[in-house]
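Here the sequence shown is numbered in this note's numbering, starting from 50 and rising by one per residue.
Don't be surprised by glycine CBs; every beta carbon is placed ideally from N, CA and C.
If you're wondering where the values come from, they're calculated on a predicted model, not measured in any experiment.
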Amino acid sequence: MRGLRINQQRIHYATFTGTENAVDDNGYETGEKERTYGTPTELWINLSPAKGRAAEKMFGLELDYTRTMTTCDMSLPITETTVLWVDETDTSKPYDYIVRGIAKGLNSVVYAIKKVR
């Protein structure tokens, strides 16, 4: 019952692939680095409505996050450098969440996520 599809919502995630040199509007390198991400991938996952007390204890009291995601799929490539489209489903727009923490158990993984836009 932990991973029932009826309890899941559709999101998209993109994993961190590296950095590249940033360029300005004229095509010149600025000397800064920009993070690059892979192609957004669709994922059905359990999302919490908001931060709760049980989740606070799981990640400690100092971690700043907005919601949690829970899954029984232990093989997901989501790390703390992954970006997410949760409220914004159009992946051509900027991502709206980042991963702040990961708590792995024997049969499930809980991700603490933070809204950035």
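Query, Result
"Proximal residues to T93 (C-beta, below 6 Å), its chain only, five neighbours per side dropped", "What sits at residue 93 in the sequence shown is Trp, not Thr. So the list reads Q57, R59, once near-sequence residues are dropped."
"K82, enclosing beta strand (DSSP E) - first and last residue", "78–86"
"Those residues which DSSP pairs with M118 across a bridge", "L96, Y160"
"Coil, strand or helix - R166 by DSSP", "coil"
"Nearest candidate by alpha-carbon position, reference V72, set R116, T66, E81", "E81"
"Cβ shell of T88 (< 8 Å), same chain only, five flanking positions each side left out", "A63"
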